[in-house]
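K.L.:
In this note's numbering, the protein residues as written are 38 to 473.
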């Protein structure tokens with residue numbers, strides 16, 4: 038690490054010495070002031086996030102892009118120039134973005150294994166952050182990210198769980214809380230991706246010359262390049278992500294928890310396996326279940342890569358099964374399905390359906406920008422991101438251990454040593470979590 042990067046790492050010391058570091062002053066914006074953003078990880082959802090930031094009414098400028106794939110970087114820079122009339126600066130190393138004093142906020146759209154380190158270093162550099170979900174890739178990372186936000190209360194970090202800015206999810210949750218369904222003792226959440234074909238087995242190869250593969254790996258263990266672990270497919274390998282469980286689970290389990298006022302589960306039981314794919318094609322399960330036990334209800338997660346139809350004929354959703362009826366909510370809206378009452382000789386209540394009011398992403402971005410400019414409350418702060426990411430990780434941990442695991446909320450540990458071993462990641466020796 039150079040002296041420049043040591044400064045970033047230890048910027049909290051400098052802040053304490055001078056009162057307010059220059060980077061923190063730069064991160065503030067008045068209600069009418071333009072906010073300068075940079076995107077790190079430009080290929081997929083990160084660029085979708087950026088396009089929401091760049092909506093004309095937001096008064097946002099993209100001053101920099103960063104990606105380890107120079108082809109992706111050049112393509113996105115040209116697109117930003119076409120959209121805005123100005124070409125952003127381009128970087129291959131995210132630390133150079135953090136050095137840029139014109140950058141007030143960063144969007145982190147990288148694979149999951151990079152989220153924690155980049156978020157923590159960005160806040161130490163005085164930047165606001167929009168970090169993609171899942172917020173962290175381990176329980177340790179999630180806790181460290183919460184501590185990093187507490188260390189920098191003058192900055193904002195919005196987690197990309199944009200359903201937290203979508204009205205109909207809260208309407209549905211309030212109906213569950215209202216008691217219209219009666220007592221709810223069973224909650225289901227699911228995603229069925231509906232892929233037509235399985236991923237093939239691919240041989241290791243030399244990384245393309247337009248990719249900085251060492252930087253792509255970053256904190257992950259050293260491995261040969263394989264196109265099946267690169268770009269979108271990183272999701273199906275434990276070193277970089279947690280499969281569908283953490284890819285979609287953080288969205289859906291979030292409201293499965295919220296509507297039930299649920300905290301951490303007492304135990305988690307696993308199910309599933311790799312059934313559609315040949316050995317070596319993927320590492321995370323292509324069919325998976327996780328049963329979360331709570332004092333007064335059970336929460337069940339299920340997912341599949343190749344099947345496309347789940348419960349209630351929905352590819353994804355959350356269902357709250359009550360004694361008087363069931364509420365099913367998806368990104369498209371929600372519906373309440375009444376059970377039949379023998380006493381009433383008909384349904385317990387009138388069925389209802391409500392379409393979504395919008396997808397929530399634009400509102401999610403505007404919520405962060407409003408907080409940057411005027412202060413306020415984030416819709417998906419790090420505490421929300423950490424809770425749901427940890428619950429999702431617990432489902433994977435039970436699967437990897439291969440047995441039911443039990444969480445002790447007092448000690449913040451599992452009863453099973455094998456599960457505790459998975460609370461931390463095995464980092465590459467060149468990268469570690471910043472100290473908080």
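Even glycine gets a Cβ: it sits at the ideal position worked out from N, Cα and C.
These figures come from a predicted structure and were not determined experimentally.
Does DSSP classify residue 200 as helix, strand or coil?
P.N.:
The answer is helix: DSSP assigns residue 200 an H, G or I state.
K.L.:
Three or more C-beta pairs closer than 8 Å, one from the region 199-209 and one from the region 394-408: is that the case here?
P.N.:
yes
K.L.:
Below 8 Å between beta carbons: does that hold for residue 426 and residue 171?
P.N.:
yes
K.L.:
For the beta strand (DSSP E) containing residue 518, list its first residue and its last residue.
P.N.:
Examination of residue 518 is not possible in this model, given that the chain is present from 38 through 473 alone.
K.L.:
Ordered along the chain, which non-local residues of its own chain (more than five positions away) have a Cβ less than 7 Å from that of residue 290?
P.N.:
226, 338, 425, 428, 429
K.L.:
Three or more C-beta pairs under 8 Å: does that hold for the region 297-313 against the region 327-335?
P.N.:
yes
K.L.:
On the criterion of 16 or more Cβ atoms from any shown chain inside 10 Å, does residue 62 qualify as buried, or is it exposed?
P.N.:
Reliability of the predicted coordinates at residue 62 is poor, the pLDDT of 39 falling under 50, and no value is obtained from them.
K.L.:
Rounded C-beta distance between residue 444 and residue 336? I'm assuming under 8 Å.
P.N.:
Not confirmed; about 13 Å, so no contact.
K.L.:
Thinking just about the alpha-carbon of each residue, which of 76, 387, 460 is nearest to the one in residue 374?
P.N.:
Ranking 76, 387, 460 by Cα distance to residue 374 puts 387 first.
K.L.:
Would you report the Cα separation of residue 188 and residue 257, rounded to the nearest angstrom?
P.N.:
For residue 188 and residue 257, the distance between alpha carbons rounds to 26 Å.
K.L.:
Closer than 8 Å by C-beta to residue 60: which residues in its own chain qualify, once you throw out the five before and the five after it? Chain order, please.
P.N.:
Note on residue 60: pLDDT 35, under 50, position unreliable in the model; no value is reported.
K.L.:
On the DSSP letters alone, give me the boundaries of the alpha helix (DSSP H) that residue 121 sits inside.
P.N.:
107-121
K.L.:
Which of the three DSSP states, helix, strand or coil, is assigned to residue 79?
P.N.:
Looking at residue 79 - three-state DSSP - the assignment turns out to be coil, as it is neither helix nor strand.
K.L.:
Please report the distance separating the alpha-carbon of residue 45 from that of residue 166.
P.N.:
Note that residue 45 scores 37 on pLDDT, short of 50, meaning its location in the model is unreliable; the coordinates nonetheless yield the value given after this. Cα-Cα distance, rounded: 15 Å.
K.L.:
Using 10 angstroms around the beta-carbon of residue 314, count the other beta-carbons present and answer buried if the total reaches 16, otherwise exposed.
P.N.:
Classification for residue 314: buried.
K.L.:
Thinking C-beta only, is residue 152 closer than 8 Å to residue 145?
P.N.:
yes
K.L.:
Determine which residues share a DSSP beta bridge with residue 443 and list them.
P.N.:
304
K.L.:
Between the C-alpha atoms of residue 181 and residue 120, what's the straight-line distance to the nearest angstrom?
P.N.:
37 Å
K.L.:
What residues in its chain sit with their C-beta under 7 Å from that of residue 473, if we drop five residues either side in the sequence?
P.N.:
181, 184, 185, 188
K.L.:
Assuming residue 283 is part of the beta strand (DSSP E), what are its boundary residues?
P.N.:
Element bounds for residue 283: not the beta strand (DSSP E) but the alpha helix (DSSP H), 280-284.
K.L.:
Report all residues from its chain with a CB closer than 6 Å to the CB of residue 341; omit the five preceding and five following residues, and keep chain order.
P.N.:
For residue 341, where only same-chain residues beyond five positions count, the Cβ hits under 6 Å are 229, 324.
K.L.:
Check whether the Cβ atoms of residue 97 and residue 134 lie closer than 8 Å to each other.
P.N.:
Result no, Cβ atoms of residue 97 and residue 134 do not sit closer than 8 Å.
K.L.:
Could you check if residue 154 is buried or exposed, using at least 16 other CB atoms within 10 Å of its CB as the buried criterion?
P.N.:
buried
K.L.:
Can you give me the Cβ contacts of residue 457 inside the same chain, cut-off strictly under 6 Å, excluding the 5 residues immediately before and after it?
P.N.:
450, 451
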